[in-house]
Amino acid sequence: MSDGIVDAHVHLWDTGAMRISWFAEHLRLPRRVGPDDLARATATSPAPVRAAVAVQAADTEGEARWLAARAAAHGPLPGPVVLQYDARPGDPAAWAGMAQPLLDDGVPVAGLRLAVPGGAADLSDVPGLDALCEGLAASGRVLETLVRPEQLAAVGALAGRHPELDVVVCHLGLGAGTPGQPWRDALAALAARPRVHAKLSGLHTAGPDDAGRVATTARTAVGLLGAERLLFGSDWPMSARVAPYAEVVARTARALPALDDGATAAVWSGTAERLYGLTH
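Numbering of the sequence shown is given in our numbering, commencing with residue 1 and proceeding in unit increments.
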(Lines of atoms letter the chains of each structure in order from A and count residues from 1; the text may use other names and numbers.)
(Lines give C-alpha, C1' and ligand atoms only; values in the text may rest on other atoms or scores of the structure.)
Protein backbone atom coordinates (compact mmCIF):
# COMPACT_ATOMS: atom_id res chain seq x y z
CA MET A 1 0.00 0.00 0.00
CA SER A 2 3.01 2.30 0.47
CA ASP A 3 3.05 2.92 -3.29
CA GLY A 4 -0.47 4.33 -3.12
CA ILE A 5 -3.98 3.08 -3.75
CA VAL A 6 -6.12 2.70 -6.83
CA ASP A 7 -9.65 2.46 -5.46
CA ALA A 8 -11.48 0.10 -7.80
CA HIS A 9 -15.01 0.95 -6.68
CA VAL A 10 -16.53 4.35 -5.93
CA HIS A 11 -19.84 5.98 -6.87
CA LEU A 12 -20.88 9.55 -7.71
CA TRP A 13 -24.41 10.88 -8.24
CA ASP A 14 -26.63 13.95 -8.04
CA THR A 15 -30.29 13.24 -7.37
CA GLY A 16 -31.12 16.83 -8.27
CA ALA A 17 -29.81 16.30 -11.80
CA MET A 18 -30.99 12.74 -12.43
CA ARG A 19 -33.18 9.99 -11.09
CA ILE A 20 -31.44 7.24 -9.13
CA SER A 21 -34.00 4.45 -9.13
CA TRP A 22 -32.99 2.85 -5.84
CA PHE A 23 -32.30 6.05 -3.88
CA ALA A 24 -34.37 6.42 -0.69
CA GLU A 25 -34.07 8.59 2.41
CA HIS A 26 -33.85 5.64 4.79
CA LEU A 27 -30.52 4.64 3.21
CA ARG A 28 -28.92 7.66 4.90
CA LEU A 29 -26.97 8.68 1.82
CA PRO A 30 -26.20 12.19 0.56
CA ARG A 31 -28.31 13.48 -2.30
CA ARG A 32 -25.18 14.58 -4.15
CA VAL A 33 -21.67 13.18 -4.14
CA GLY A 34 -19.23 14.70 -6.62
CA PRO A 35 -15.50 14.73 -7.34
CA ASP A 36 -14.79 17.30 -4.63
CA ASP A 37 -16.49 15.11 -2.03
CA LEU A 38 -14.47 12.13 -3.21
CA ALA A 39 -11.24 14.13 -2.96
CA ARG A 40 -12.04 15.18 0.60
CA ALA A 41 -12.86 11.62 1.63
CA THR A 42 -9.76 10.05 0.09
CA ALA A 43 -7.50 12.74 1.56
CA THR A 44 -7.87 11.00 4.93
CA SER A 45 -6.49 7.70 3.58
CA PRO A 46 -3.37 6.29 5.30
CA ALA A 47 -1.83 5.93 1.83
CA PRO A 48 -2.39 8.31 -1.09
CA VAL A 49 -5.27 7.41 -3.40
CA ARG A 50 -3.83 7.89 -6.89
CA ALA A 51 -6.96 7.05 -8.87
CA ALA A 52 -10.47 5.72 -8.46
CA VAL A 53 -12.75 3.70 -10.73
CA ALA A 54 -16.19 5.33 -10.90
CA VAL A 55 -18.96 2.74 -11.21
CA GLN A 56 -22.31 4.01 -12.44
CA ALA A 57 -24.88 3.94 -9.66
CA ALA A 58 -28.07 3.54 -11.74
CA ASP A 59 -28.82 2.77 -15.37
CA THR A 60 -29.80 5.72 -17.55
CA GLU A 61 -27.89 7.26 -20.44
CA GLY A 62 -28.21 10.74 -18.92
CA GLU A 63 -26.62 9.63 -15.69
CA ALA A 64 -23.88 7.83 -17.59
CA ARG A 65 -23.02 11.01 -19.49
CA TRP A 66 -23.07 13.02 -16.25
CA LEU A 67 -20.61 10.58 -14.65
CA ALA A 68 -18.32 10.44 -17.69
CA ALA A 69 -18.18 14.23 -17.88
CA ARG A 70 -17.08 14.51 -14.27
CA ALA A 71 -14.45 11.83 -14.70
CA ALA A 72 -13.09 13.64 -17.75
CA ALA A 73 -12.95 16.95 -15.89
CA HIS A 74 -11.62 15.69 -12.57
CA GLY A 75 -9.49 12.60 -13.30
CA PRO A 76 -7.86 10.70 -11.70
CA LEU A 77 -10.45 11.17 -8.91
CA PRO A 78 -12.53 9.74 -10.40
CA GLY A 79 -10.63 8.17 -13.23
CA PRO A 80 -11.84 5.21 -15.31
CA VAL A 81 -15.61 4.85 -15.71
CA VAL A 82 -17.60 1.61 -15.60
CA LEU A 83 -21.16 1.96 -16.87
CA GLN A 84 -24.17 -0.23 -16.20
CA TYR A 85 -25.38 -2.73 -18.79
CA ASP A 86 -29.05 -2.32 -19.58
CA ALA A 87 -29.98 -4.26 -22.70
CA ARG A 88 -31.66 -2.60 -25.66
CA PRO A 89 -33.30 -5.53 -27.53
CA GLY A 90 -33.99 -5.18 -31.21
CA ASP A 91 -30.68 -3.60 -32.22
CA PRO A 92 -27.99 -6.27 -32.71
CA ALA A 93 -25.33 -3.59 -33.20
CA ALA A 94 -25.99 -2.18 -29.73
CA TRP A 95 -24.07 -4.85 -27.84
CA ALA A 96 -23.40 -2.36 -25.00
CA GLY A 97 -27.11 -1.69 -24.45
CA MET A 98 -27.79 1.63 -22.72
CA ALA A 99 -24.11 2.58 -22.96
CA GLN A 100 -23.86 2.09 -26.73
CA PRO A 101 -24.42 5.78 -27.63
CA LEU A 102 -21.56 6.81 -25.35
CA LEU A 103 -19.21 4.27 -26.91
CA ASP A 104 -20.28 5.41 -30.38
CA ASP A 105 -19.51 9.00 -29.36
CA GLY A 106 -16.01 8.05 -28.23
CA VAL A 107 -16.60 8.54 -24.50
CA PRO A 108 -13.83 6.68 -22.62
CA VAL A 109 -15.44 3.70 -20.90
CA ALA A 110 -13.27 1.09 -19.16
CA GLY A 111 -15.98 -1.52 -18.74
CA LEU A 112 -19.63 -2.37 -18.28
CA ARG A 113 -21.30 -3.78 -15.19
CA LEU A 114 -23.96 -6.45 -15.14
CA ALA A 115 -25.94 -5.69 -11.97
CA VAL A 116 -28.46 -8.52 -11.58
CA PRO A 117 -28.39 -9.84 -7.99
CA GLY A 118 -32.15 -10.27 -8.11
CA GLY A 119 -32.18 -12.16 -11.40
CA ALA A 120 -32.10 -15.80 -12.44
CA ALA A 121 -29.35 -17.92 -10.92
CA ASP A 122 -28.14 -18.99 -14.36
CA LEU A 123 -28.34 -15.44 -15.81
CA SER A 124 -30.73 -16.76 -18.46
CA ASP A 125 -32.93 -13.68 -18.09
CA VAL A 126 -30.18 -11.30 -19.27
CA PRO A 127 -30.71 -10.51 -22.97
CA GLY A 128 -27.67 -10.11 -25.20
CA LEU A 129 -25.21 -11.41 -22.62
CA ASP A 130 -22.86 -13.23 -24.99
CA ALA A 131 -22.91 -10.35 -27.46
CA LEU A 132 -21.98 -8.04 -24.59
CA CYS A 133 -19.02 -10.24 -23.67
CA GLU A 134 -17.86 -10.45 -27.27
CA GLY A 135 -18.01 -6.68 -27.63
CA LEU A 136 -16.14 -6.06 -24.40
CA ALA A 137 -13.40 -8.56 -25.22
CA ALA A 138 -12.96 -7.22 -28.74
CA SER A 139 -12.66 -3.64 -27.47
CA GLY A 140 -10.37 -4.44 -24.53
CA ARG A 141 -12.92 -3.56 -21.86
CA VAL A 142 -13.82 -5.29 -18.61
CA LEU A 143 -17.06 -7.02 -17.64
CA GLU A 144 -18.02 -6.34 -14.03
CA THR A 145 -20.71 -8.37 -12.31
CA LEU A 146 -22.84 -7.51 -9.29
CA VAL A 147 -24.32 -10.89 -8.39
CA ARG A 148 -25.31 -13.02 -5.42
CA PRO A 149 -23.42 -16.23 -4.51
CA GLU A 150 -25.90 -18.48 -6.32
CA GLN A 151 -25.04 -16.72 -9.59
CA LEU A 152 -21.27 -17.17 -9.38
CA ALA A 153 -21.39 -20.50 -11.19
CA ALA A 154 -23.06 -18.75 -14.13
CA VAL A 155 -20.35 -16.08 -14.09
CA GLY A 156 -17.77 -18.86 -14.28
CA ALA A 157 -19.60 -20.46 -17.20
CA LEU A 158 -19.72 -17.10 -18.96
CA ALA A 159 -15.98 -16.64 -18.44
CA GLY A 160 -15.44 -20.11 -19.87
CA ARG A 161 -17.33 -19.19 -23.04
CA HIS A 162 -15.31 -15.98 -23.40
CA PRO A 163 -11.72 -16.80 -22.38
CA GLU A 164 -10.35 -13.53 -23.83
CA LEU A 165 -12.54 -11.41 -21.53
CA ASP A 166 -11.44 -9.98 -18.18
CA VAL A 167 -14.22 -10.37 -15.61
CA VAL A 168 -14.36 -8.57 -12.26
CA VAL A 169 -16.80 -9.74 -9.59
CA CYS A 170 -17.92 -6.84 -7.39
CA HIS A 171 -17.96 -7.33 -3.62
CA LEU A 172 -16.56 -10.88 -4.00
CA GLY A 173 -20.06 -11.99 -5.03
CA LEU A 174 -20.91 -11.91 -1.33
CA GLY A 175 -20.88 -8.36 0.03
CA ALA A 176 -21.92 -8.29 3.68
CA GLY A 177 -23.09 -11.92 3.59
CA THR A 178 -21.71 -14.85 5.56
CA PRO A 179 -18.82 -16.66 3.83
CA GLY A 180 -20.43 -20.11 3.92
CA GLN A 181 -19.44 -23.26 2.08
CA PRO A 182 -21.60 -22.68 -1.03
CA TRP A 183 -19.88 -19.32 -1.60
CA ARG A 184 -16.45 -20.88 -1.01
CA ASP A 185 -17.19 -23.65 -3.48
CA ALA A 186 -18.36 -21.15 -6.09
CA LEU A 187 -15.27 -19.00 -5.61
CA ALA A 188 -13.05 -22.06 -5.88
CA ALA A 189 -14.70 -22.91 -9.19
CA LEU A 190 -14.08 -19.36 -10.43
CA ALA A 191 -10.39 -19.80 -9.67
CA ALA A 192 -10.19 -22.16 -12.64
CA ARG A 193 -10.99 -19.20 -14.92
CA PRO A 194 -7.68 -17.29 -15.01
CA ARG A 195 -9.17 -13.98 -16.18
CA VAL A 196 -11.77 -13.77 -13.43
CA HIS A 197 -10.94 -11.25 -10.72
CA ALA A 198 -12.82 -9.94 -7.69
CA LYS A 199 -13.11 -6.75 -5.69
CA LEU A 200 -12.50 -6.59 -1.95
CA SER A 201 -15.37 -4.13 -1.65
CA GLY A 202 -18.75 -3.80 0.00
CA LEU A 203 -17.77 -6.20 2.78
CA HIS A 204 -17.85 -4.07 5.92
CA THR A 205 -20.78 -3.58 8.26
CA ALA A 206 -21.33 -1.99 11.65
CA GLY A 207 -21.92 -5.38 13.28
CA PRO A 208 -19.97 -6.37 16.42
CA ASP A 209 -18.42 -9.43 14.74
CA ASP A 210 -17.64 -7.66 11.47
CA ALA A 211 -13.86 -7.87 11.73
CA GLY A 212 -13.82 -11.64 12.04
CA ARG A 213 -16.29 -12.17 9.20
CA VAL A 214 -14.43 -9.83 6.84
CA ALA A 215 -11.09 -11.44 7.72
CA THR A 216 -12.50 -14.89 6.96
CA THR A 217 -13.94 -13.61 3.68
CA ALA A 218 -10.77 -11.81 2.56
CA ARG A 219 -8.41 -14.62 3.52
CA THR A 220 -10.58 -17.20 1.80
CA ALA A 221 -10.51 -15.07 -1.35
CA VAL A 222 -6.72 -14.75 -1.20
CA GLY A 223 -6.36 -18.48 -0.68
CA LEU A 224 -8.62 -19.40 -3.58
CA LEU A 225 -8.02 -16.70 -6.19
CA GLY A 226 -4.60 -15.41 -5.15
CA ALA A 227 -3.83 -11.82 -4.22
CA GLU A 228 -2.94 -10.93 -7.80
CA ARG A 229 -6.57 -11.38 -8.85
CA LEU A 230 -8.05 -9.22 -6.09
CA LEU A 231 -8.60 -5.45 -6.07
CA PHE A 232 -9.33 -3.08 -3.21
CA GLY A 233 -12.53 -1.10 -3.55
CA SER A 234 -13.91 1.23 -0.89
CA ASP A 235 -17.54 1.24 -2.16
CA TRP A 236 -17.60 4.90 -1.10
CA PRO A 237 -19.95 6.64 -0.31
CA MET A 238 -22.02 3.54 0.53
CA SER A 239 -19.26 2.54 2.95
CA ALA A 240 -19.31 5.94 4.66
CA ARG A 241 -22.47 4.82 6.46
CA VAL A 242 -20.30 2.26 8.24
CA ALA A 243 -16.97 4.03 8.68
CA PRO A 244 -14.91 6.94 7.31
CA TYR A 245 -12.79 6.30 4.25
CA ALA A 246 -9.54 5.91 6.19
CA GLU A 247 -11.13 3.32 8.47
CA VAL A 248 -12.43 1.30 5.51
CA VAL A 249 -8.87 1.15 4.16
CA ALA A 250 -7.53 0.19 7.58
CA ARG A 251 -10.18 -2.49 8.14
CA THR A 252 -9.44 -4.04 4.76
CA ALA A 253 -5.70 -4.03 5.45
CA ARG A 254 -6.26 -5.76 8.80
CA ALA A 255 -8.51 -8.37 7.20
CA LEU A 256 -5.90 -9.49 4.68
CA PRO A 257 -3.30 -12.15 5.52
CA ALA A 258 0.40 -11.33 5.40
CA LEU A 259 1.38 -10.69 1.77
CA ASP A 260 4.71 -10.13 0.08
CA ASP A 261 5.44 -6.80 -1.58
CA GLY A 262 4.29 -7.91 -5.02
CA ALA A 263 0.98 -9.29 -3.79
CA THR A 264 0.37 -6.21 -1.65
CA ALA A 265 0.95 -3.93 -4.62
CA ALA A 266 -1.41 -6.02 -6.77
CA VAL A 267 -4.31 -5.78 -4.30
CA TRP A 268 -3.98 -2.08 -3.61
CA SER A 269 -3.14 -0.77 -7.07
CA GLY A 270 -1.44 -3.00 -9.63
CA THR A 271 -4.31 -5.21 -10.73
CA ALA A 272 -6.67 -2.25 -11.06
CA GLU A 273 -4.09 -0.37 -13.11
CA ARG A 274 -3.76 -3.31 -15.48
CA LEU A 275 -7.46 -4.05 -15.86
CA TYR A 276 -8.67 -0.47 -16.24
CA GLY A 277 -5.87 0.82 -18.46
CA LEU A 278 -4.15 3.07 -15.93
CA THR A 279 -0.49 3.94 -15.98
CA HIS A 280 1.62 4.58 -12.91
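Each residue gets a CB set at the ideal place from its N, CA and C atoms; glycine is no exception. Please read these numbers as outputs of a predicted model, since none were measured by experiment.
Beta bridge counterpart(s) of residue 231 as assigned by DSSP: 199
Mind reading off the beta-carbon distance from residue 248 to residue 256? Whole number of angstroms is fine, and I expect it under 8 Å. Actually they do not touch by this definition, with Cβ atoms about 13 Å apart.
Which partner residues does residue 143 have in the DSSP bridge list? 112 and 167
Suppose you measure from the CA of residue 244 to the CA of residue 19; what does that come to, to the nearest Å? 26 Å
Inter-residue CB distance, residue 47 and residue 4 (contact presumed, cutoff 8 Å): 6 Å
Using DSSP with H/G/I as helix, E/B as strand and the rest coil, what is residue 267? helix
Apart from the five residues just before and just after residue 156, which ones in its own chain have a Cβ nearer than 6 Å to its Cβ? 189, 190 and 193
In its own chain, which residues sit with a C-beta less than 7 Å from the C-beta of residue 17, not counting the 5 before and 5 after it? 66
Is the region 23-33 touching the region 69-77, taking contact as three or more C-beta pairs under 8 Å? no
Can you give me the C-alpha to C-alpha distance between residue 163 and residue 117, rounded to a whole angstrom? 23 Å
Considering only residues of the region 7-54, which uninterrupted alpha helix (DSSP H) runs meet the minimum length of 4 residues and lie entirely inside it, listed in chain order? 35-42
Using the C-alpha atoms, what's the distance from residue 198 back to residue 282? A question about residue 282 goes unanswered here, because the residues of the chain that appear run from 1 up to 280.
Cβ pair count under 8 Å reaching 3, the region 169-180 against the region 128-135: no
Do residue 87 and residue 128 come within 7 Å of each other at the CB atom, strictly closer than that value? yes
Shortest alpha-carbon distance to residue 220 belongs to which of 239, 209, 121 and 186? 186
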